[in-house]
Amino acid sequence: MSDVTRMTASEIAGLIKNGEVSAVEVTTAHLDRIATVDERVHAFLHVDREGALRAAEAVDRGEKSGPLAGVPIAVKDVMATKGVPTTAASKILEGWRPPYDATIVERLRDAGTVMLGKTNMDEFAMGSSTEYSAYGPTSNPWDLGRIPGGSGGGSAAALAAYEAPLAIGTDTGGSIRQPGAVTGTVGAKPTYGGTSRYGLIAFSSSLDTPGPCARTVADAALLHAAIGGHDVRDSTSIPQPVPDVVAAARLGADGDLSGVKLGLVKEFAGDGTEPGVRAAFQESVEALVKLGAEVVEVSCPHFTYALPAYYLIAPSECSSNLARFDGVRYGLRAGDDGARSLEEVMSLTREAGFGPEVKRRIIIGAYALSSGYYDAYYGQAQKVRTLITRDFQAAFERVDALISPTTPFVAFPFGSRTADPYQMYLADLFTIPTNLYGGPAISVPCGTSEGLPVGFQVMAPTMGDDRMYRVAAALESAVGTLTPPEL
Amino acid sequence: MTTIALPSYDDAIGRYEPVIGLETHVELGTNTKMFCGCPTGFGAEPNTQVCPVCLGLPGSLPVANRAGIEATIRIGLALNCDIASWCRMARKNYFYPDMPKNFQTSQYDEPLCTDGYVDVDVDGETVRVGIERVHLEEDTGKTLHVGGATGRIHGATESLVDYNRAGIPLVEIVTKPVTGTGARAPEVARAYVTELRDIIRSLGVSDVRMEQGSLRCDVNTSLNLPGAEWGTRTETKNVNSLRSVERAVRSEIIRQAALLDGGGSILQETRHFQEDTGDTRSGRSKETATDYRYFPEPDLVPIAPDPEWVARLRAELPEKPSVRYARLREAWGIGELDMQSVVNAGAVELIERTIAAGASPAGARKWWMGELARRANETGTDLADVGATPAQVAELQHLVDTGKLNDKLARAVLEGVVAGEGDPTAVMDARGLGVVSDSGALTAAVDEAIAANPDIAAKIRDGKVAAAGALVGSVMKATRGQADAKAVRELILERLSG
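Chains as they are written, first to last, in UniProt numbering: chain A, 1 to 487; chain B, 1 to 498.
Shown next, in the form of structure tokens:
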């Protein structure tokens with residue numbers, strides 16, 4: 001038998017279902033792969049070998065079935081997993097084992113997937129390179145000296161390094177899509193409310209969206225269908241069924257986009273994008289036209305203000321969401337020598353437990369929400385958010401989906417953007433508007449630039465997740481998937 | 001701190017005009033907490049009624065309890081408020097260990113209910129207290145400071161936190177500033193809290209017990225010279241009874257007047273009412289003004305009550321307590337003070353049901369407010385849980401009315417009923433407590449008493465009927481109480497009239 005770690009999730013599930021391979025064999029192959037390469041990649045913060053084998057055995061005993069039964073999966077360490085360490089890549093949660101499972105984790109268990117472990121990320125999902133993990137960065141399997149994107153660099157790198165065929169990410173400003181783009185994998189941000197946030201350690205509640213990561217569009221759709229749908233434990237979850245993304249991906253794979261109208265975002269055509277990225281994107285647009293799509297230019301004038309609005313809203317919410325990490329109930333407690341006051345211990349704990357980027361955002365957010373500044377910052381940012389939403393709504397009256405490069409640049413070398421936060425924030429320039437609007441978007445590989453992957457983004461209207469899968473699958477059928485160099 | 005000679009209350013209120021305001025927190029009696037499914041029972045072992053949501057564990061999310069929203073709307077309607085057609089919860093951010101998330105889910109500039117009023121009766125005059133807002137929030141946990149002398153955090157060696165209360169729905173009711181009350185400000189404050197308590201109790205949404213903390217009150221007080229702008233206000237906490245509400249306002253007026261008289265100024269601060277001395281003491285002053293950094297709670301969807309639902313809740317509001325009490329006072333033939341005692345004892349319903357079961361108003365009230373209230377008090381239980389039902393009390397009174405029991409025997413029977421020995425008739429029979437009705441035996445006892453007390457008998461024969469009491473006592477003694485005193489008296493008069 002050929003190497004199962006190189007197979008897609010649907011291929012693996014098919015083999016297990018037909019009895020050609022056992023779930024335990026598949027799991028063991030992936031655990032072995034992790035043992036071989038993860039020392040260099042560092043995609044995982046925790047590998048749950050025993051838990052994975054137990055889950056695989058249950059599938060082999062026939063206790064679980066379904067389209068993903070027996071398929072290994074890597075879960076971003078921001079999702080609560082019962083009894084399994086969950087840190088959000090922060091020192092402040094070192095050693096914390098949640099007493100409960102996130103809804104998505106519960107659904108993954110029910111679907112018979114086998115959780116291999118928890119993947120690395122920027123601390124509390126704040127970053128675009130995974131360099132802000134408190135436990136060291138993850139390397140890009142395409143070039144170990146470069147970043148795998150962020151915040152979900154661990155999940156994307158695990159896919160590109162063949163350590164797992166599927167992964168869970170969370171996308172607040174691009175944390176699924178940008179890592180997907182720079183690692184040559186597929187990452188989808190579902191409609192906000194289309195996937196449950198229960199058990200997702202909050203960064204920015206009104207933006208955080210869990211979603212699927214995979215090596216193919218079809219696999220991403222399968223995973224999306226398995227984790228999506230209404231959850232009574234999340235008030236912001238949409239009480240409607242998820243659009244049929246699996247069927248849409250299948251339809252798109254036929255390679256016919258006639259009748260589909262796509263909009264090129266005019267405001268994203270500026271000169272901030274690397275020439276190689278622009279070239280790969282242009283070639284892909286031409287490929288889509290060949291498949292029958294009509295492509296027009298669409299103006300979304302307020303997208304220009306998305307980045308500043310995002311960097312007020314997300315930090316504001318994070319300053320409140322992260323207040324609970326105070327050393328009183330769980331996680332790290334620093335300086336509690338019996339003599340210090342409660343306030344001192346809380347301060348020392350937060351000083352020791354949070355990294356610099358997290359502190360920066362907490363301070364920005366606390367400032368933006370403070371009385372006298374609220375209207376000028378948080379209030380104004382919310383107004384911009386409304387205008388961006390209107391831009392999207394107006395655009396979707398003209399076109400079925402919007403397209404752009406996922407990120408302006410390919411994977412950059414470690415350390416090249418950490419000195420200036422703004423240079424790092426630019427990585428999410430094209431992904432952030434979607435989060436502010438709440439619609440779905442997907443990144444799919446569309447070629448390479450200087451030997452490094454380039455991502456193509458498709459943005460769709462809220463609850464129009466099926467549309468983006470159709471376009472992405474069509475593009476994938478035209479340009480093919482990318483294969484990283486051997487590690 | 002130097003001690004300033006305090007003026008008398010009359011003296012103080014003669015020179016200044018008070019402005020008061022009340023912030024009342026009511027813990028709702030919902031079965032489950034506001035944002036999770038945990039039970040809300042009082043007095044459970046610490047940290048046994050908790051889950052990831054009310055512990056604020058990373059990743060957990062709140063889901064609003066419809067019953068809490070409904071109860072808040074009903075309170076708002078009963079207080080003549082407007083109900084918002086759309087509003088949001090907000091986060092109030094501050095660090096305190098009894099608050100698991102270090103923010104309280106509350107409401108800020110979009111309260112569920114606004115602009116109402118309560119009419120209260122003070123010495124026969126109606127005073128209208130405006131309601132600024134009624135909003136919904138979650139309660140915090142409870143911190144217990146161990147090892148210090150005061151129970152406060154200072155000097156404590158350990159602080160323990162119980163999160164059972166965290167997340168219980170809490171309704172905050174804020175009055176508009178109450179002006180023009182003059183010397184009656186303390187009485188108005190008390191009357192308002194009393195009326196509010198009765199209204200909320202009539203809605204059945206909270207047990208509104210100040211001593212258990214399900215009704216908590218903060219009192220704002222300021223003084224100004226007549227015609228001048230309002231003075232700086234203080235906020236007095238730890239006001240745990242109706243009487244304390246009145247005392248807190250009174251003592252704060254005296255304290256502030258003394259300071260102002262001496263040319264001093266009032267510090268805007270939180271003060272704590274002292275139950276033992278009846279005065280207020282300064283809380284720890286905050287170095288800087290707290291900025292709660294309120295913003296709309298992004299984890300919850302907006303509350304948009306369906307107008308039809310609100311209309312139905314409005315139509316189903318119970319009779320206003322003040323109206324109901326006036327009606328019952330008339331029907332029962334009692335005065336305002338007696339009615340107030342009945343209300344305070346939580347006996348209104350019980351007496352109503354006892355009357356419905358056939359007892360006279362006086363009879364029903366006598367048992368509930370007398371023997372049973374005393375027992376409830378002694379055992380620290382609710383009157384409703386004291387062990388007797390309205391039907392049993394009505395039956396007991398019937399036995400008295402028909403002469404089968406006298407007052408003393410009835411008390412003994414009631415004791416048996418409360419002890420769970422059965423209904424009154426059964427207890428009477430089982431214990432052999434019935435009145436001696438055998439006329440032969442009774443006549444013999446009466447004759448014996450007349451023979452033994454010739455002087456008294458002579459007085460009665462001479463028309464001094466009042467003297468019969470002594471003979472009645474003697475007969476009752478002889479029958480060990482098991483006779484009907486009224487019948488005995490009649491029999492004595494009959495025997496001596498011939």
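All C-beta atoms in this analysis are idealised placements derived from N, C-alpha and C, irrespective of residue type, glycine included.
*Contact list for the stretch 93 to 115 of chain B against chain A, Cβ threshold 8 Å*: Asn93, Phe95, Pro97, Pro100, Lys101, Asn102 and Phe103
*With DSSP run on the structure shown, which of helix, strand or coil describes Gln212/B?*
helix
*Measure the Cβ-Cβ separation of Leu68/A and Leu222/A and say whether it is below 8 Å.*
yes
*Should Gln49/B and Asn164/B be called a contact, given that it needs their Cβ atoms to be closer than 8 Å?*
yes
*Helix or strand or just coil, what does DSSP make of Cys318/A?*
helix
*How would you list, in chain order, the residues of chain B whose beta-carbon sits under 7 Å from the beta-carbon of Ser100/A?*
The residue you asked about is not Ser; residue 100/A is Tyr in the sequence shown. Chain B residues near Tyr100/A: Pro52.
_CA nearest to the CA of Ser139/A, picked from Ala125/A, Ala161/A and Phe124/A_ = Ala161/A
*How is the beta strand (DSSP E) around Leu22/B delimited, first residue to last?*
Glu17 to Glu27
_Where Pro298/B meets chain A, residues with beta-carbon distance less than 7 Å_ = Ser205, Ser206 and Glu317
*Ordered along the chain, which non-local residues of its own chain (more than five positions away) have a Cβ less than 8 Å from that of Phe103/B?*
Arg91, Lys92, Asn93 and Tyr94
*asked:* Taking 6 Å as the limit between beta carbons, can you name the residues of its chain near residue 499/B, skipping five residues before and five after?
replied: There is simply no residue 499/B to check, as chain B begins at 1 and stops at 498 in what is shown.
*In whole angstroms, what separates the C-alpha of Tyr108/B from that of His135/B?*
8 Å
*Please determine, among Asp382/B, Ala185/B and Trp309/B, the residue with the shortest C-alpha to C-alpha distance to Glu349/B.*
Asp382/B
_Rounded Cβ spacing between Ile16/A and Gly70/A (contact assumed at less than 8 Å)_ = 4 Å
*Tell me which same chain residues have a C-beta within less than 6 Å of the C-beta of Thr143/B, skipping the five on either side of it?*
Asp98, Ser159 and Val161
*asked:* 8 Å is my cut-off, CB to CB: does Met126/A come that close to chain D?
replied: This model lacks chain D altogether, as its protein chains are A and B.
*Quick one: which chain B residues come within Cβ less than 9 Å of Ala80/A?*
Pro52, Leu57, Pro58, Gly59 and Ser60
*Taking only runs that begin and end inside the stretch 219 to 259 of chain B, name each unbroken beta strand (DSSP E) of 3 or more residues, in chain order.*
234 to 239
*Closer than 7 Å by beta-carbon distance: list the chain A residues that pair up with Asp401/B, in chain order.*
Within chain A, no residue comes near Asp401/B; the closest Cβ sits about 58 Å away, beyond 7 Å.
*Can you name the start and end residues of the alpha helix (DSSP H) that Asp121/B belongs to?*
Not the alpha helix (DSSP H): Asp121/B falls in the beta strand (DSSP E), residues Cys113 to Val122.
*asked:* Using only CA atoms, which one of Val277/A, Lys266/A, Thr216/A and Glu20/A lies nearest to Ala474/A?
replied: Thr216/A
_Count Cβ pairs between the stretch 195 to 205 of chain B and the stretch 315 to 322 of chain B that sit closer than 8 Å; are there 3 or more?_
yes
*Just checking my contact of Asp428/A with Ser128/A at CB under 8 Å: how many whole Å lie between their CB atoms?*
6 Å
*Using the C-alpha atoms, what's the distance from Val53/B back to Gly141/B?*
13 Å
_Mapping the DSSP letters down to three states, classify Leu402/A as helix, strand or coil._
strand
*Rank Ala376/A, Asp375/A, Gln380/A and Ser316/A by C-alpha distance to the C-alpha of residue 524/A and give the top, closest one.*
The requested residue 524/A is not part of the displayed model; chain A covers only 1 to 487.
*Beta-carbon neighbours of Val291/B, restricted to chain A and to distances below 7 Å*: The displayed chain sequence assigns Asp, not Val, to residue 291/B. Within chain A, the residues near Asp291/B are Ser370 and Ser371.
*asked:* Any beta carbon from chain B within less than 8 Å of Leu342/A's own beta carbon?
replied: yes
*asked:* Considering only DSSP beta bridges, list what Val232/A is partnered with.
replied: According to DSSP, Val232/A bridges with nothing at all.
*DSSP on Glu287/B, reduced to helix/strand/coil?*
No answer about Glu287/B holds up, because its pLDDT of 47 lies below 50 and its placement is not dependable.
*Beta carbon of Ala58/A, beta carbon of Met115/A: below 8 Å?*
no
*At a CB-CB cut-off below 7 Å, which residues of chain B make contact with Asp234/A?*
Leu61
_Inter-residue spacing [alpha-carbon to alpha-carbon] between Ala426/B and Val417/B_ = 9 Å
*Would you identify the three-state DSSP class for Asp171/A, choosing helix, strand or coil?*
strand
_Beta carbon proximity, Glu287/B to chain A, threshold 8 Å_ = The predicted position of Glu287/B is uncertain, since its pLDDT is 47 and thus under 50; a value taken from the coordinates is nonetheless stated next. Glu287/B does not count as touching chain A.
_For Val301/B, would you say it is in contact with chain A, using Cβ-to-Cβ distances shorter than 8 Å as the test?_
yes
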